[in-house]
Each structure stands twice: as structure tokens, then as C-alpha cells.
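Residue numbers (the numbering used here), protein chains in the order written: chain A, 1156 to 1266; chain B, 10 to 122. Every residue gets a Cβ at the ideal spot worked out from N, C-alpha and C, and that includes glycine.
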Amino acid sequence: GEDVEQSLFLSVREGDSSVINCTYTDSSSTYLYWYKQEPGAGLQLLTYIFSNMDMKQDQRLTVLLNKKDKHLSLRIADTQTGDSAIYFCAEAGTGRRALTFGSGTRLQVQP
Amino acid sequence: EPEVTQTPSHQVTQMGQEVILRCVPISNHLYFYWYRQILGQKVEFLVSFYNNEISEKSEIFDDQFSVERPDGSNFTLKIRSTKLEDSAMYFCASSGGPLDTQYFGPGTRLTVL
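Listed below in C-alpha cells is the structure:
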């Protein structure tokens, strides 16, 4: 079945850039998403990218998609302590509504 | 900004009891979903629902589970006879169209004793 993998933990200093990586196996993935989960809260949609794009920028967030390698990354510029959270990569394949999630990357921002 | 809401935020129940988890999707959305996240594990898809029917379900969504849209605003997940392994965070989501972005609620933490 489809699988999405992420590294579990990333620690950066405030003001640095953070890069969170994700790999997926489903070659029919059409939509790829990044969700953020703060402690005790739900899943907040951060951004998404269609599979026919290779980059999307939204303020401090840059998403890069390498479809050949099935690799997705989320770059957060000028990382702030408020960015500390768990970041989930998720994908949906052609015709499927079910999202397949990665295990989440816990981002810790050191002041 | 419209959001998905879920009640209760935390439900504790005894094994074998029935529980109903409630969700109010975003008002103009037509597609509804349930996911769950067992502590320390990935978020897993359970079921999607459209036009008063289940449109997709996972292997997890067995006969113990059911979903319903009892009125124009609520969307519920019922677990008939809870097991210890049903303990998890349950997330409701909704979307405007079948492939539109899914917006998630804050989750209900279910603890089965």
C-alpha cells in the first residue's frame, strides 16, 4: 500500500531556516499536503502542492517537490519559537479521498 | 474563519460500551471524513462520507464502526462495543469537493478502560 515517511525530529535555532523532508511511495499521488499540529490542537493545513508543480512559495513557507524521487520538502524561513510543532506530510492519490499521512516531524526551535 | 468543531474533547469509556463522537463540519462542505491517531502512531484514514453514503473506507472501519449525518449540521462516528485498542485521538475533517483540501477538527481523545 501507499506509504509516507518522515524523519521524527528536527531542532533549529530561532532565525535559522528549517527543512522538513518527506518521501512517499505512491506514484499516482496528485496532491501533497503539509499539516501542522500544535500541542493539544488539531491538524492545521499549512500548504499543499499539486503533483504537476515542483515548487510553491507562501510567505515564509517553500514547498519543493521532486516527483521523480518522490520527495517533498517544507522549508520554513526565519523560524520562530511559535513554529515549534509537529509537521505532517500527507498525500492523496488519483481518485482517492483518503489521505495517507507520515508519522510527523517534531520541530523544536531553540531561542 | 469557518472551522470544524468536535465534541467532546475527551471521552473516557469502559470496554464494551458504545460511544458516539460528534463533529460539526464547515457549513458549506459536502464531504466528511474520520481519521484516528493511536498514541505514537500515524494518522490513519477511517472513512469518507458523501450524499448520506460511505464513499470510501479503510480496513480499520469494520462492523463495529458506523457514521451518520443525523441532521444538516452534525456528522457522527459510533463505535458499538469499544475495545482497549480503540483508544486514540479521533479527527473529523470536511472538504468542499471530492478532491478539495480537507480541513480538520481539533480531535476527540477516546480512552477505553
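- Taking a beta-carbon distance threshold of 8 Å, B/Tyr99 does not count as an interface residue toward chain A.
- Along the region 41-59 of chain B, the positions whose C-beta sits under 8 Å from a C-beta of chain A are Tyr42, Tyr44, Gln50, Lys51, Val52, Glu53, Phe54 and Ser57, read in chain order.
- Interface annotation, A/Leu1198: in contact with chain B, CB-CB separation under 8 Å.
- Taking C-alpha positions only, A/Leu1165 is separated from A/Trp1189 by approximately 16 Å.
- Taking a beta-carbon distance threshold of 8 Å, B/Leu30 does not count as an interface residue toward chain A.
- Within the same chain, Ala1247 come within 8 Å of A/Ala1253 by CB-CB distance, once the 5 residues on both sides are set aside.
- Taking the Cα positions, B/Glu77 is about 29 Å away from A/Glu1193.
- In the DSSP assignment, the residues bridged to A/Asp1213 are A/Leu1216.
- The DSSP-derived three-state label of A/Gly1259 is coil.
- Using a Cβ-Cβ cut-off of 8 Å, A/Ala1253 counts as an interface residue toward chain B, since at least one Cβ of chain B sits closer than that to its own.
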